[in-house]
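Undergrad: Numbering-wise, the sequence shown is residues 1 to 152 according to my numbering.
Where is the CB? At the ideal position from N, CA and C, for every residue including glycine.
None of the values given here were measured: they were computed from a predicted structure.
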Amino acid sequence: MSDRCWMLLKLAAACGLAFVTLTAPVRAQSSGSWSLKAPLPAALNEVGVAVADGKVHVLGGSVLGFTGPYHQEYDPATDKWRARSALPRSLDHLGTAVLNGKIYAVGGFVGGGVHKDGQITAFEYGPALDSWRILAPLKAGRGSVGVVALDG
1 MSDRCWMLLK
11 LAAACGLAFV
21 TLTAPVRAQS
31 SGSWSLKAPL
41 PAALNEVGVA
51 VADGKVHVLG
61 GSVLGFTGPY
71 HQEYDPATDK
81 WRARSALPRS
91 LDHLGTAVLN
101 GKIYAVGGFV
111 GGGVHKDGQI
121 TAFEYGPALD
131 SWRILAPLKA
141 GRGSVGVVAL
151 DG
């Protein structure tokens, strides 16, 4: 596995924790050393994370207890973050997966500090056009959900 891919996986794992700090230490697999990368523009928690087209997308989450439709994209080639098209709805604890170059964001909670009332929302994001599409709703609300692309 290349250092770049390893770094993306490490960064995605770091972002997927309950709290995303402003700095993201990344370990290079070949040298075994750690280095700091560009800080996330805001400290977020309870986010969804996806890697598409070699870039890390941090979706939703909350800041100081307020859930938002946040969407930041990290490019490891330039070590820079940029804001992308916001989620169609403010969510935290959403599930994310990537299939055929598109990011899928499903379920989640709407915030307020209480993790109940999982949402039925489902969205598809196309990085090339920086746009979201609303999909058919889930049959039942889900939050803190794991999502995976299978056979894709």
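(1) I'd like to know whether the C-beta atoms of Asp92 and Gly118 end up nearer to each other than 8 Å.
(2) My understanding is that Val98 touches Ala52, with C-beta atoms under 8 Å, so please give their C-beta distance in whole angstroms.
(3) Per DSSP, what are the beta-bridge partners of Gln72 in this structure?
(4) Apart from the five residues just before and just after Ser90, which ones in its own chain have a Cβ nearer than 8 Å to its Cβ?
(5) Shorter than 8 Å from the beta carbon of Leu138 to some beta carbon of chain C?
(6) Inspect the beta-carbon positions of Arg142 and Val106 and report whether they are closer than 8 Å.
(7) Which residues bound the beta strand (DSSP E) around Ala122?
(8) Sort Ser30, Ala38 and Ala128 by Cα distance to Asp75 and report the nearest one.
(9) Between Asp130, Ile103, Val26 and His71, which lies nearest to Phe123 when the distance is taken from Cα to Cα?
TA: On the basis of the supplied data:
(1) Not a contact, by the Cβ cut-off of 8 Å.
(2) 5 Å
(3) Val58 and Ala83
(4) Gly60, Thr67, Gly68, Pro69, Val110 and Gly111
(5) Given the protein chain composition of this structure (a single chain), no chain C is represented.
(6) yes
(7) Ala122 to Gly126
(8) Ala38
(9) Ile103
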